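Student: Per the working numbering, residue 14 is the first one in the sequence shown, and the count goes up by one each step.
Even glycine gets a Cβ: it sits at the ideal position worked out from N, Cα and C.
All figures in this text were calculated on a predicted structure; none of them were measured in a lab.
Take this structure, written in structure tokens, and hold onto it; I'll ask about it next.
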Amino acid sequence: MSRPMEGVRIVELAQFTFVPASGAVLADWGADVIKIEHAQTGDAQRGLVSILGLDQGVASKTFFPIMEGPNRGKRSIGLDLETEGGRKVFEELIRGADVFVTNFREPTRKKLGVDVDDVRAINPKVIYMRGTGMGPKGDEGPNGGYDQTAFWARSGHADAVTPDQIDALLPMPTGAYGDNIGGMTIAGGIAAALYKRAATGEPSVIDVSLLGVGLWTASFGINASLLAGGPLPKIPPIRNGSPRNPLSGGAYRTADGRYIQLGMLQPGRYWPEICQRLGRPELITDERFDTGQKVIDNAVVAAGYVAEMIGALTLEEFRTRMKGAQGQWALVQNYHEAGLDPQARANGYVGSVTDVDGIERELVLAPVQFDETPPEIRRAPQHAEHTDEILRELGIDDDRLIALKIEGAVT
14 MSRPMEGVRI VELAQFTFVP ASGAVLADWG ADVIKIEHAQ TGDAQRGLVS ILGLDQGVAS
74 KTFFPIMEGP NRGKRSIGLD LETEGGRKVF EELIRGADVF VTNFREPTRK KLGVDVDDVR
134 AINPKVIYMR GTGMGPKGDE GPNGGYDQTA FWARSGHADA VTPDQIDALL PMPTGAYGDN
194 IGGMTIAGGI AAALYKRAAT GEPSVIDVSL LGVGLWTASF GINASLLAGG PLPKIPPIRN
254 GSPRNPLSGG AYRTADGRYI QLGMLQPGRY WPEICQRLGR PELITDERFD TGQKVIDNAV
314 VAAGYVAEMI GALTLEEFRT RMKGAQGQWA LVQNYHEAGL DPQARANGYV GSVTDVDGIE
374 RELVLAPVQF DETPPEIRRA PQHAEHTDEI LRELGIDDDR LIALKIEGAV T
């Protein structure tokens, strides 16, 4: 198994999903990620389990995707940084770290003595990564933010997907939507910073914000609106193709009520194939559609025919007709179907992990693979599960370990 981050040690002081998700990716890639949690309360995300765990129909009382997804493969140490003993342990961890990552806000970082200058005073070569809601500069730099605010609302996504006709704002399609995109972004930044340090000897300070990630993922629309000098008109929901392409745009419905999304951006190229495979070969030579330009010029009429052809078939009949086709299409799937998708399974995009009770569970894996090999993953740690193990690796003997526990510095 290829583990390109083998030998890299990451110390993570972060909560919820944005930033911790990057640690999960790096752990998938082989890094040793040590997650610092508050000695008594742990990651605040653990408190969300009661809200977003069993209440959402999750069957297990010990395996919660809200914690497992962004924290699998890590080791957890319970540490109180406001105690003398906890501070000394933190300093020992930083001395052996390659990267320090945090999403604590600037006032909290300064209060705890974990800001850039504080950490660099302990280890001048450590790569320092800070994840923020709104970016480190500007009037709102010290403010916090979550993906539903900084990523979804602030960067234009929520407005873009909400039709003017409804009296509500559409939410993110799933929890931690922007957080997970941000975590992948952070992992890439850390990889680049490690390369730079190896090449030049110079460590970096990395900044990734939910606002910045939101703007990047919405950049097509934002760039176009900046060029236009104002907001772009919203595209209303479209049924059956688009005004200029019957083979892309609005989805088509099958006879048994499933939706097929066509994505054939060259309608003239794929029109003959669609007509032949779906049982209307005479439309290939129809004078309204016998050239690519005519298919574009008569897209609305052509879309009507495509709707009839697909609407006469069940999903399985459509699949059979389109097997081996060159044109691009996809079934509109729900999350459960997506997790079971045979193509996703064939490529190792979903992997198994053994939970704390010894039961095999499944999680989506990081989308980057090395040497055509999916990563092997371990479950997320329980709160402070690896405290003793990590302290002993730091050379702390049993007497000092007991003293630290009596002080409340560690759990």
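Specify, as a first and last residue, the run of the beta strand (DSSP E) that G144 falls within.
Tutor: Position 131 of the sequence shown, counted from the first residue, corresponds to residue 144. Run containing G144: 140-145, per the beta strand (DSSP E) assignment.
Student: What number of angstroms, rounded off, separates the C-alpha of I297 from the C-alpha of G263?
Tutor: Here residue 297 refers to the residue found at position 284 of the sequence shown. Here residue 263 refers to the residue found at position 250 of the sequence shown. Computed Cα separation, rounded: 22 Å.
Student: Once the 5 residues before and after R392 are set aside, which same chain residues still bring their CB inside 7 Å of it?
Tutor: As a working mapping, residue 392 is identified with position 379 in the sequence shown. The answer, listed in chain order, is E81, R85, V366, T367, D368, V369.
Student: Have a look at N347 and I273 and give me their C-alpha separation to the nearest angstrom.
Tutor: For the purposes of this step, residue 347 is identified with residue 334 of the sequence shown, where counting begins at 1. For the purposes of this step, residue 273 is identified with residue 260 of the sequence shown, where counting begins at 1. Distance between the alpha carbons of N347 and I273: 13 Å.
Student: Taking the alpha carbon of T54 as the reference point, which residue from V21, G91, W42, P78 has its own alpha carbon closest?
Tutor: The sequence position of residue 54 within the sequence shown is 41, counting from 1. Of the candidates V21, G91, W42, P78, the one whose C-alpha sits nearest the C-alpha of T54 is G91.
Student: Taking the alpha-carbon positions, what's the P280 to R266 distance?
Tutor: Reading the sequence shown from its first residue, position 267 is the one you call residue 280. Reading the sequence shown from its first residue, position 253 is the one you call residue 266. Near 19 Å, if we compare the C-alpha coordinates of R266 and P280.
Student: How about R257 and A315: do their beta carbons lie closer than 8 Å?
Tutor: Residue mapping note: residue 257 aligns to position 244 of the sequence shown, counting from 1. Residue mapping note: residue 315 aligns to position 302 of the sequence shown, counting from 1. Their beta carbons are not under 8 Å apart, which means R257 does not touch A315 by this criterion.
Student: Nearest by alpha-carbon distance to D160: which of T121, G227, Q395 is it?
Tutor: The count along the sequence shown starts at 1 and reaches residue 160 at position 147. Here the closest residue by C-alpha is G227.
Student: Would you give the residue range spanned by the beta strand (DSSP E) that G91 belongs to?
Tutor: Against the sequence shown, residue 91 aligns to sequence position 78. Start and end: 88-92.
Student: State the Cα-Cα distance for the pair M185 and V221, rounded to the nearest angstrom.
Tutor: One-based indexing of the sequence shown puts residue 185 at position 172. One-based indexing of the sequence shown puts residue 221 at position 208. Spanning the two alpha carbons is a distance of roughly 20 Å.
Student: Pick out the complete beta strand (DSSP E) segments inside the segment 261-326, 3 residues or longer, and give them in chain order.
Tutor: Runs of the beta strand (DSSP E) inside the segment 261-326: 272-275.
Student: Residues in the same chain with beta-carbon distance under 6 Å from K473, minus the five sequence neighbours each way, listed in chain order, please.
Tutor: The structure shown has nothing for residue 473, since the chain only spans 14 to 424.
Student: Once DSSP output is grouped into helix, strand and coil, what is the label at F29?
Tutor: By one-based count along the sequence shown, residue 29 stands at place 16. Looking at F29 - three-state DSSP - the assignment turns out to be coil, as it is neither helix nor strand.
Student: Give me the residue from T400, D410, V174, A189 with the minimum Cα distance to S35.
Tutor: By 1-based counting over the sequence shown, the position of residue 35 is 22. Checking every option, the nearest Cα to that of S35 belongs to A189.
Student: Does DSSP put G254 in a helix, a strand or coil?
Tutor: The residue labelled residue 254 in the question sits at position 241 within the sequence shown. In this structure, G254 counts as strand in the three-state DSSP scheme.
Student: Assign D131 to one of three DSSP states: helix, strand, or coil.
Tutor: Mapped onto the sequence shown, residue 131 falls at position 118. In this structure, D131 counts as helix in the three-state DSSP scheme.
Student: Is W165 closer than 8 Å to G146 when the C-beta atoms are compared?
Tutor: The residue given as residue 146 occupies position 133 in the sequence shown. The residue given as residue 165 occupies position 152 in the sequence shown. No; because the gap between Cβ atoms is not below 8 Å, this pair is not in contact.
Student: When you compare the CB positions of I79 and L94, do they come within less than 8 Å of one another, or not?
Tutor: Working through the sequence shown from its first residue, we reach residue 79 at position 66. Working through the sequence shown from its first residue, we reach residue 94 at position 81. For I79 and L94, no; Cβs fall outside 8 Å.
Student: Smallest Cα separation from Q178: which of M18, V423, P250?
Tutor: Within the sequence shown, numbered from 1, the residue matching residue 178 stands at position 165. The residue with the shortest Cα to Cα distance from Q178 is P250.
Student: Alpha carbon to alpha carbon, how far is G109 from I135?
Tutor: Residue numbering aside, residue 109 sits at position 96 when the sequence shown is read from its first letter. Residue numbering aside, residue 135 sits at position 122 when the sequence shown is read from its first letter. So the two alpha carbons sit approximately 10 Å from each other.
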